[in-house]
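In this note's numbering, the protein residues as written are 101 to 520.
Idealized CB from N, CA, C, for every residue including glycine.
Have a look at the structure below before the remarks.
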Amino acid sequence: VAFRKLDDRFSFKKYSLGPTSHGRTIWTVKWLNENHFITGCESGVIQLHRHSKTRRQTTLYPTTDIETLLSLHGHANAVRTLWCEKIKPGQFLICAGGGMQILQCWLLELPNDVNISPSATLLCEHAPESAKNDHTQRILAVSAALCSPTSVESEPFFSLVFSGDSNGNLSMFKLSGKKFPGLPRETCENPRIETEEEDLSKLSKKARKKRKRQLLYKNNSPSKYTHKGRHSCTLTANAELTLRGYLKEGPAKPILSLGGIHGKDCLVCCGSTDGKISAWKIGAEDNSVLLPPTRLVQELKVHLMGVNTLSVSREQDNVLIASGGDDQAIGLVTLDSTYKLLSHRLFPQSCASSIRGVWVGNGIVYSAGINQRLRVWDMKGQSPSLKNDSLVDCADVNSIDVKNGKTLVVGAGLCLFESL
């Protein structure tokens, strides 16, 4: 037996929330800023959480370092993937994908004042008729590119949204609309649909739930829906999500993961069940209805099995693509500034089980697998160097995200690691 001394610089303090934080399995997690993050779970709920170093004293329930601020009940079934982009301080664009190929875009307002509750607006939704009531068709990965952040204050606003589904389609959407409206701040004691046209009290519980959803997404007369946690959400009619085209059109292998970087041009990378990673260069976007120029710059067979997760980072003049798969290996692809291949490495047996989450930045790779181990790797040398190996308190790990020394791991519960 060989023992390896780990690097003391990568030591963590651990916080945990059990499965009761969502009630069901958490599929995805994304950091918004240093203290706030969002999660999506099996029940179709998107939650906003805050990690607070100073615990709040209450008499109703035990204090915790992680508290839930907002719950959004837009999806009828599982939220499989999330992506967030910062529009301006205190305002975020959130894209969520799930079952029946439903893709939603939310606008989240997060005030700096802790005494003001956060609010969210459902901008638009794309739900294809071909996947209606078909739970086998899912959006498994989503990414977004905020084309021109300075245009938020002008009209119209536009952004590119990418999604990969279980049919093998890599779709590109355009989110466009007028200036984002001010967010509502009405609250009420009980969640309900407010409407003057219909009385839902006489319907059965199942029929009432179905009718509420129909009213929520009705574009002609948007209804106001008040969520649990006394936060309101409104569907706006001044934003539109339009399918622009397919970068990769099925039937093909399901797309399991998406990632990308944004700048003068956009690079979108996807991983599929056949172990391949494809990288697409998206040209400069304008406000026309035409598809922006796209080009497949790389397509590599990286893994022996499905690419469950990938992360893309710009390191000086190069681009690093880290991936994890069912073959228990970590892949690392390096591209130059023109997206030509510099190196392609695969590190087998990086985990004792399938790898479900990776993150790369500054030559450091974080990985987590179903075996409930979070590992930190230094990839700057010829061979990876293990810097930390920590036990995760949640089973069935599905995703991880890292920001400013804080690592989130989600599955049947949630676990947060903070660097000491």
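Close Cβ partners of ALA422 (< 6 Å) along its chain, the five nearest in sequence each way excluded: SER411, LEU432, VAL458, VAL460, VAL465
Top-ranked residue by Cα proximity to VAL129, from ASN177, LEU347, SER143, CYS184: CYS184
Cβ-based burial, ILE382 [other Cβ within 10 Å; buried from 16]: buried
Name, in chain order, the residues that DSSP records as bridge partners for ALA379. CYS369, GLN398
Expressed to the nearest angstrom, what Euclidean distance is found between the alpha-carbon atoms of CYS494 and GLY469? 11 Å
Within 8 Å, strictly: CB atoms of VAL509 and LEU474: yes
By the three-class DSSP mapping on this structure, what secondary structure does THR480 have? Note that residue 480 is Lys in the sequence shown, not Thr. Residue state, collapsed to three classes: coil.
When you compare the CB positions of SER357 and THR409, do they come within less than 8 Å of one another, or not? yes
Go ahead and pull the three-state DSSP assignment for LYS232. coil
Along the chain, where does the beta strand (DSSP E) containing ARG150 start, and where does it finish? 146-151
As assigned by DSSP and simplified to three states, the class of LYS353: coil
In terms of DSSP beta bridges, what is CYS205 paired with? CYS195, CYS224
Bridge-paired residues (DSSP) for THR168: HIS149
To the nearest angstrom, how far is it from the Cα of GLU225 to the Cα of SER483? 45 Å
Contacts around TYR346, its chain only, beta-carbon distance under 8 Å, and the 5 residues preceding and following it disregarded: ASN269, LEU270, SER271, MET272
Going by beta-carbon coordinates alone, are ALA244 and VAL261 separated by less than 8 Å? yes
Take LYS274 and list the residues in its own chain whose beta-carbon comes closer than 7 Å to its own, dropping the five residues that flank it on each side. PHE258, LEU260, THR342, ARG344
Proximity of ILE239 and LEU208 at Cβ, strictly below 8 Å: no
According to the neighbour-count rule (16 or more other Cβ atoms, all chains shown, within 10 Å of its Cβ), is THR438 buried or exposed? exposed
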